[in-house]
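One structure is given here, and the rest of the page talks about it.
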Amino acid sequence: MTNPSGRGEYRQLAPILPSLPCNTSFEPTTVPHPGETVQEYLDFYGWSQRDLARRTGLTPKTISEICNGQGPITPTTALAWIFAANSQLTFCGGRGA
Numbered sequence: 092m093t094n095p096s097g098r099g100e101y102r103q104l105a106p107i108l109p110s111l112p113c114n115t116s117f118e119p120t121t122v123p124h125p126g127e128t129v130q131e132y133l134d135f136y137g138w139s140q141r142d143l144a145r146r147t148g149l150t151p152k153t154i155s156e157i158c159n160g161q162g163p164i165t166p167t168t169a170l171a172w173i174f175a176a177n178s179q180l181t182f183c184g185g186r187g188a
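If you're matching positions, the sequence shown starts at 92 in this note's numbering and goes up one per residue.
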């Protein structure tokens, strides 16, 4: 049986895998701008930046700045994207595109 922290399984494997580090952490050297994720989303669904602007009510300039890593994502912008994504999911029957 394992303890709540999940370390019991490692202790059971320790004799088998003695070189396995116990405490590992991932620290990325760079963090991408959220606009890169937005652009990937647009590519995946086949939307243009203008399509996203129309669906969210934001200006095409705002969308372009965010996708190019020059503009911030505000809470209002994030909510507009959530509503646009949910309408896409609803349109597709809740299964995505």
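Quick reminder that beta carbons are idealized off the backbone N, C-alpha and C, glycines included. This one's a predicted model, so the numbers in the text were calculated from it and none came from an experiment.
- Secondary structure note for proline 151: its alpha helix (DSSP H) is the uninterrupted segment 151 to 158.
- Taking a contact as a CB-CB distance under 8 Å, the pair glycine 126 and asparagine 159 counts as one, their CB atoms being some 6 Å apart.
- With contacts defined by Cβ atoms closer than 7 Å, alanine 175 and arginine 146 form a contacting pair.
- Here the alpha carbons of glycine 148 and proline 123 stand approximately 25 Å from one another.
- In this chain, the alpha helix (DSSP H) harbouring glycine 126 covers 125 to 136.
- Annotation: the continuous alpha helix (DSSP H) that includes threonine 147 extends over 140 to 147.
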